[in-house]
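Notes to accompany the following structure.
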Amino acid sequence: MQEPYDDKWYGVPPAGEKPIPPRGRYIAEILAVIFIEFVLWGLYRYFTAPIYGGFGTWKFYVGHIIAAPTIALGTIMVYWRFYRKERGLPFRFTTKRLFSSILVGLFAAILWRFLEMVVYDSMAVAAGVAISDTRTFYSLLDQTTVGLFLLMTFVQFFVVGPVEELQFRSFVYDQSARVLKNWQA
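Using this note's numbering, the letters of the sequence shown map in sequence onto residues 657 to 841.
Now the structure itself:
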């Protein structure tokens, strides 16, 4: 059975079947989930910094492939399943214009990464701070740099971006919109 179209939700109402607590309490719950998630992420980064090394290493990005979804979405799932006692996922998806949205998003992201690299490298060369082991025109063909750049791009496109969209747009915004007006959520 198809749900009736509701203009407030643009056809896709937020997940959740249980009664909603009072507005202030529900917003506090949502903010508490995000706060706990940030604390867990901080602890993760604190304890893995000696293992991964600095930002931008192979270990750093490979670790993020596992840690980002686990910490960010795991916290939300624990809240949803065990505190709210809801079934299913706290996210709703639509297939309306899905393929074209994915293509436009990927094209824009690839264009953004390319332009970012060109601008960053051009500024480094113009400022005279480019050295042989930086990601500039001088080392673009180095296998380590290209591989790391591709891994970083993959992690940003397919891990960080979707996790943040699910976390903030599909959970924080949608759930707070259940008790607030859209512009307030």
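Heads up, the beta-carbon is just placed ideally off N, CA and C, and yes, glycines get one too.
As the structure is a prediction and not an experimental result, all values here were calculated from the model.
Practice problem: Check whether the Cβ atoms of Arg740 and Lys674 sit closer than 8 Å, and answer yes or no. | Solution: Locating residue 740 in the sequence shown gives position 84, counting from the first residue. Locating residue 674 in the sequence shown gives position 18, counting from the first residue. Contact flag set, yes.
Quiz item: Is Leu745 near the ligand GDP, judged by its Cβ being under 7 Å from some heavy atom?
Solution: Absence of the ligand GDP from the depicted structure is noted, as is the absence of any ligand whatsoever, leaving it without description.
Quiz item: Taking one C-beta from the stretch 696-710 and one from the stretch 744-755 each time, how about it: are there three or more such pairs within less than 8 Å?
Solution: no
Quiz item: What's the gap between the Cα of Met808 and the Cα of Val802?
Solution: To locate residue 808, count along the sequence shown from 1; it is residue 152. To locate residue 802, count along the sequence shown from 1; it is residue 146. C-alpha separation (whole angstroms): 10 Å.
Quiz item: Within this structure, are the beta carbons of Pro725 and Val815 separated by less than 8 Å?
Solution: In the sequence shown, residue 725 corresponds to position 69, counting from 1. In the sequence shown, residue 815 corresponds to position 159, counting from 1. Closer than 8 Å, so yes.
Quiz prompt | Rounded straight-line distance, which links the Cα of Tyr702 to that of Ala765 | solution = Indexing the sequence shown from 1 puts residue 765 at position 109. Indexing the sequence shown from 1 puts residue 702 at position 46. One C-alpha to the other measures close to 30 Å.
Quiz item: From Met733 to Ile676, what does the alpha carbon distance come to, in whole angstroms?
Solution: Stepping through the sequence shown from its first residue, residue 733 is reached at position 77. Stepping through the sequence shown from its first residue, residue 676 is reached at position 20. Those two C-alpha atoms are separated by around 17 Å.
Quiz item: Is the stretch 679-698 in contact with the stretch 828-838, if contact means three or more CB pairs nearer than 8 Å?
Solution: yes
Quiz prompt | C-alpha gap between Ser628 and Tyr776, whole angstroms | solution = Nothing can be reported for residue 628: it is not among the residues displayed for the chain, which extend from 657 to 841.
Exercise. Would you mind listing the alpha helix (DSSP H) stretches within the stretch 702-763 that are 4+ residues and don't spill past its ends, in chain order?
Key: Fully contained in the stretch 702-763 are the following alpha helix (DSSP H) runs of length 4 or more, in chain order: 714-734.
Quiz item: In terms of alpha-carbon separation, which member of Gly784, Arg769, Leu822, Ser778 lies closest to Leu806?
Solution: If you number the sequence shown from 1, residue 806 lands on position 150. For the residues Gly784, Arg769, Leu822, Ser778, the minimum Cα distance to Leu806 belongs to Arg769.
Practice problem: Report the three-state DSSP secondary structure of Val835 (helix, strand or coil). | Solution: Counting from 1 along the sequence shown, the entry for residue 835 is found at position 179. Val835 falls in the coil class under three-state DSSP.
Self-check item: Residue range of the alpha helix (DSSP H) that includes Val819
Solution: Walking along the sequence shown from the start, residue 819 turns up at place 163. First-last of the alpha helix (DSSP H) with Val819: 817-820.
Quiz item: Do you know offhand how far Leu759's Cα is from Phe824's?
Solution: The count along the sequence shown starts at 1 and reaches residue 759 at position 103. The count along the sequence shown starts at 1 and reaches residue 824 at position 168. Leu759 and Phe824: Cα-Cα distance of roughly 22 Å.
Exercise. Between the Cα of His720 and those of Trp697, Ala783, Gly744, Phe691, spot the shortest distance and give me the residue it belongs to.
Key: Locating residue 720 in the sequence shown gives position 64, where the first residue counts as 1. When only C-alpha atoms are compared, the closest one is Trp697.
Practice problem: Output yes or no for whether 8 Å exceeds the beta carbon distance between Val835 and Tyr700. | Solution: Residue mapping note: residue 835 aligns to position 179 of the sequence shown, counting from 1. Residue mapping note: residue 700 aligns to position 44 of the sequence shown, counting from 1. When the beta-carbon positions are compared, Val835 and Tyr700 stay at least 8 Å from each other.
Self-check item: Pairwise C-alpha distance: Leu754 and Arg679
Solution: Translated into the one-based positions of the sequence shown, residue 679 becomes position 23. Translated into the one-based positions of the sequence shown, residue 754 becomes position 98. About 32 Å.
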